[in-house]
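Engineer: Residue numbers (the numbering used here): 394 to 504.
Glycine included, C-beta positions come from ideal geometry on N, C-alpha and C.
The structure presented is a predicted model; accordingly, all values stated were derived computationally and were not measured.
Mind looking over this structure? Questions follow.
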């Protein structure tokens, strides 16, 4: 299996496992949105918590130029560390939610 295919499988496995965790409050669906042709991967929450509408992307990862970009993480999960635990090199993970000038101070890739 080539590197990009390995990254696709790792991302999909991680996000699928997260989306399977039941949401304790409200009537909220948690589901994955995978676009492996363009390498976009998301977890969405959609529903109602009482009278409050719940709608949004809680996790968003992309594969760009051979690296995994974590674009959004609104969870308590340490996504980058989970990817490393699955065998992804730290240098191939970019914290896209961090300002570009701050990325060099992380243990992960810069771009």
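Whole-angstrom Cβ separation of residue 434 and residue 414, contact assumed at under 8 Å?
Structural biologist: For the purposes of this step, residue 434 is identified with residue 41 of the chain shown, where counting begins at 1. For the purposes of this step, residue 414 is identified with residue 21 of the chain shown, where counting begins at 1. So it is not a contact: roughly 17 Å between Cβ atoms.
Engineer: For residue 432 versus residue 463, is the C-beta spacing smaller than 9 Å?
Structural biologist: Counted from its first residue, the chain shown places residue 432 at position 39. Counted from its first residue, the chain shown places residue 463 at position 70. Not a contact, by the Cβ cut-off of 9 Å.
Engineer: Where does the unbroken alpha helix (DSSP H) through residue 477 begin, and where does it stop?
Structural biologist: Mapped onto the chain shown, residue 477 falls at position 84. Taken as a continuous stretch (DSSP letters only), the alpha helix (DSSP H) holding residue 477 covers 472-478.
Engineer: Do residue 419 and residue 449 come within 9 Å of each other at the CB atom, strictly closer than that value?
Structural biologist: In the chain shown, residue 449 corresponds to position 56, counting from 1. In the chain shown, residue 419 corresponds to position 26, counting from 1. No, these two residues do not count as a Cβ contact at 9 Å.
Engineer: By Cβ distance, which residues of its chain are closer than 8 Å to residue 493, with the 5 residues on each side in sequence left out?
Structural biologist: Numbered from its first residue, the chain shown carries residue 493 at position 100. Excluding positions up to five away in sequence, the list reads 503, 504.
Engineer: Smallest Cα separation from residue 467: which of 394, 436, 409?
Structural biologist: Residue mapping note: residue 467 aligns to position 74 of the chain shown, counting from 1. When only C-alpha atoms are compared, the closest one is 436.
Engineer: Distance, Cα to Cα, residue 416 vs residue 447?
Structural biologist: On the chain shown, residue 416 is found 23 positions in, with the first residue counted as 1. On the chain shown, residue 447 is found 54 positions in, with the first residue counted as 1. Rounded to whole angstroms, residue 416 to residue 447 spans 12 Å at the Cα level.
Engineer: Based on the DSSP secondary-structure assignment, which residues constitute the bridge partners of residue 438?
Structural biologist: On the chain shown, position 45 is the one that residue 438 refers to. Residue 438 pairs with 423, 449.
Engineer: Mind reading off the beta-carbon distance from residue 487 to residue 501? Whole number of angstroms is fine, and I expect it under 8 Å.
Structural biologist: Looking up residue 487 in the chain shown gives position 94. Looking up residue 501 in the chain shown gives position 108. So it is a contact: roughly 6 Å between Cβ atoms.
Engineer: Residue 407 by DSSP, collapsed to three states: which one?
Structural biologist: As a position in the chain shown, residue 407 is number 14, starting the count at 1. The answer is helix: DSSP assigns residue 407 an H, G or I state.
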